[in-house]
Amino acid sequence: MRLINKETIAVFRRLWDDVQPYRTRIWWAFATMLGTALTEVMFPKVLGYILDHGFKGGQTHLALWMVPVAIIGIFLMRGLCTFTTSYIMSWISTKLQNQLRAKVFDRILNVPISFYHSESSGRIINTIMFETQQIVEMLKVSMTTLFRDSLTVFVLLAALLWRDWQLTIIALILMPVMAYLVRGVSKRLRRLNQNQLSVNNELTQIIEEATRASQVIRIFGGQKYEQDRFEAKNEKLRGYAMRTTVAVASTTPTTQLAAAFAVAVVIMVAVSQATKNATTVGHFVEFVSLMMLLLTPLKRLADLNGPMQRGMAASESVFALIDTDAETDGGQTLASRAQGQLEFVHTSFSYPEQEQEALRDINLCIQPGETIALVGMSGGGKTSLVNLVPRFYSPVAGDILLDGLSLKDISLSSLRQQIAMVSQNVVLFDDTVAANIAYGDSAPDQQRIDDAVRAAHLSDVVRDLPDGLNTLIGDNGMRLSGGQRQRLAIARAIYKDAPILILDEATSALDSESERAVQEALDGLMEGRTTLVIAHRLSTIERANRIAVLVGGEIVEMGSHAELLQKEGVYANLYRMQFAE
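Number 2026 marks the last residue of the sequence shown (my numbering); no jumps.
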């Protein structure tokens, strides 16, 4: 029936590596499937025996009285086998689903940052939650249905051939017709399922954006626009679902009609044999019962095409994500805490999708404990420069040195242990205050958490929270104010106590009290650390040891605040535009 082709075999081989540890359970499941298949033959045999021997007057064989016991035993065996099969296959499939999801999740934690420039969060979420489920469902249904029902068909055909091989051959004539019908719908199903998964990804993305951008939607009156977008995609998804249903549903009645023709022909031939005393009533009923029982597993095998094609379409997305290259890693682990000297040596950088260089021939040496403020108009290269330090991206030319050692020669984990970052868009987790402060530490130090709270001027905030440090702060810290969220992010950087700090100051306006608390927390954080700060506050710029002015990806001016003002150059113009009253 072409349910199994080269692509399907390749997917199953790949899944087998994950399923192999459970092969003992699989063999037990297959044994119970065989038991289920054998029970299919037993009941027609018992029925035929009753008709031939049970309705003859005066005969009360002991064997006839055992028939009710046999029937109960058959159905007891069938129920036990079916339950065991279902339990084992569900156990294996849920294990496999967890493993697949863990593989995808592990991969998205280790892909290059540039990966997220081309992949939407909605698609990633959909792949982890929905498409892995489709693959597991395909495996579960195929292993259960394909093996159990194939066994059942084989056992029933063997019984039919043993009972009357001529009638069986007649019944099998229409089997190729059924196979052709199933094969014809497979390609259409695969295409429909691929389109359905694609639209499902888009719908997930719309939902994710609507929840994330709820304030923007309300303030700009975008409810109607978002609703229209959602309904359009939802209706498109429904359209594909209905077309898939039509393709699958049309297969079943067609194959059943072909089977009905076979049954009709068999009955005609059997009646003809009966008139010639070539068969008995019991044999005839047994044969027809076996044939009718054959229709159910054949129908399930025909219906298997739907979940198989859905799983194959989903496997393309899931395995493509798992196979995405992880960040290039290598180099040595630093033996001790870095001193913090950073040196950019003729460093140039461009994004993969852009021809224009974001940074061009940067030469900059930052001494341990020195603060460098990066200023310039938007698009000047400030963010690109700081993103090279933790190797979120790699230079296309030149090099970057940490304490004289090229960043390429330092392992990613070791390098990033030396760096703390406070970004402009504060990122917090739906966890406790303490867990956010000690994020990344498998064994949090309570004393260090308390010290970080005090240094970040969060003590009063924590004291007012219902559960103190154990208070859940909600999605991205939604239960905290803007200033409190910024100070919590600063506390996290203080707790890490890394020798290098990357700071992208928030441009959001805070009230004077919050502004003062944030600035005091920043002053404490920057003290004694090599700091690269994308500066937006005048106070930070004035306190920096040096200021680097970036224009078009190049450092055009370098010096202290006073020195650059005296030059009356780019910095002086920026200062007058942004800070002068």
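Just so you know, even glycine gets a beta-carbon here, dropped at the ideal spot from N, CA and C. Note that the structure is predicted; figures quoted are calculated from it, not measured.
Rounded to whole angstroms, what's the CA-CA distance from residue i to residue j? Just pull it up for me.
i, j, result
"L1601", "R1523", "15 Å"
"L1833", "L1591", "53 Å"
"T1613", "F1599", "12 Å"
"H1562", "T1741", "50 Å"
"E1564", "L1648", "14 Å"
"D1806", "V2001", "11 Å"
"A1976", "G1913", "According to the sequence shown, residue 1976 is Thr rather than Ala. Distance between the alpha carbons of T1976 and G1913 is about 31 Å."
"K1853", "Y1884", "26 Å"
"L1739", "I1517", "22 Å"
"E2026", "V1549", "With a pLDDT of only 49 at E2026, under the threshold of 50, the placement of this residue in the model should not be trusted, and no figure is reported."
"N1640", "T1527", "35 Å"
"D1875", "N1679", "29 Å"
"E1972", "N1990", "12 Å"
"Q1777", "S1851", "11 Å"
"F1520", "V1708", "26 Å"
"T1529", "I1471", "11 Å"
"A1818", "D1673", "45 Å"
"S1926", "H1981", "20 Å"
"Q2011", "M1866", "32 Å"
"I1855", "H1791", "19 Å"
"A1803", "P1797", "11 Å"
"Q1969", "Q1862", "Note that residue 1969 is Gly in the sequence shown here, rather than Gln. For G1969 and Q1862, the distance between alpha carbons rounds to 20 Å."
"A1476", "T1469", "11 Å"
"R1459", "L1554", "22 Å"
"T1985", "L1642", "49 Å"
Quick one: what's residue i bridged to in DSSP?
i, result
"C1810", "E1788"
"T1816", "T1976"
"R1991", "I1817"
"A1842", "S1793"
"G2004", "I1992"
"E1999", "V1996"
"A1900", "Paired residue(s): none; A1900 is not in a bridge."
"L1804", "F1794"
"L1579", "Inspection of the sequence shows that residue 1579 is occupied by Gln rather than by Leu. DSSP lists no partner for Q1579."
"Q1641", "In the DSSP output, where bridge partners are listed per residue, Q1641 has none listed."
"Q1777", "I1855"
Report the option in the options whose CA atom is closest to the CA atom of residue i.
i, options, result
"G2014", "V1994, G1998, Q2023 and E1999", "V1994"
"V1714", "V1872, W1610 and P1835", "W1610"
"L2052", "G1997, E1999, G1998 and E1987", "No statement about residue 2052 is possible, as the shown extent of the chain runs from 1446 to 2026 and does not include it."
"A1880", "S1868, V1867, Q1869 and D1895", "D1895"
"D1949", "L1617, V1581 and I1979", "I1979"
"L1605", "S1538, V1514, M1736 and T1985", "M1736"
"R1782", "A1943, I1767 and L1970", "A1943"
"L1903", "Q1542, A1962, A1677 and N1543", "A1962"
"S1859", "S1760, S1595, L1779 and W1607", "L1779"
"A1759", "Q1777, M1866, I1573 and P1840", "I1573"
"A1462", "L1541, A1515, W1536 and T1530", "In the sequence under discussion, the amino acid at residue 1462 is Asp, which differs from the Ala named in the question. Cα-wise, what sits closest to D1462 is L1541."
"G1928", "A1765, R1861 and E1965", "E1965"
"D1774", "L1857, D1968, L1970 and T1792", "L1857"
"L1809", "M2003, Q1869 and M1478", "M2003"
Within the same chain, show all residues whose beta-carbon is closer than 6 Å to that of residue i, passing over the 5 residues directly before and after it, in chain order.
i, result
"T1597", "A1482, E1485 and P1742"
"T1689", "L1637"
"I1882", "I1894, A1897, A1936, R1937 and Y1940"
"E1999", "R1805"
"L1846", "E1788"
"A1842", "S1793"
"D1594", "P1742, R1745 and L1746"
Grab me the residues of residue i's own chain with a C-beta within less than 7 Å of its C-beta, minus the 5 sequence neighbours each way, in chain order.
i, result
"I1570", "T1649 and E1653"
"R1930", "V1871, L1873 and G1922"
"T1769", "R1552, V1556 and F1560"
"I1580", "L1545, G1756, A1759, S1760 and V1763"
Going by beta carbon distance, what residues of the same chain come within less than 8 Å of residue i, once the five residues before and after it are set aside?
i, result
"M1757", "E1452, T1453, V1456, M1583, R1635 and N1638"
"L1910", "V1878 and T1916"
"N1645", "N1571, F1575 and L1682"
"M1534", "A1474, K1585, M1588 and T1589"
"S1566", "Q1650 and E1653"
"P1813", "Q1784, G1785, Q1786, P1944 and T1975"
"Q1668", "I1662"
Looking at chain B, is there any beta carbon in it that lies within less than 8 Å of the beta carbon of residue i?
i, result
"E1815", "Annotation note: the requested chain B is absent from the structure, which comprises a single protein chain."
Report the start-end ranges of each beta strand (DSSP E) in the stretch 1906-1976 that is 3 residues or longer and not cut off at the edges. 1945-1949
Entirely within the stretch 1823-1902 and at least 3 residues each: give me those beta strand (DSSP E) ranges in chain order. 1842-1847 and 1864-1867
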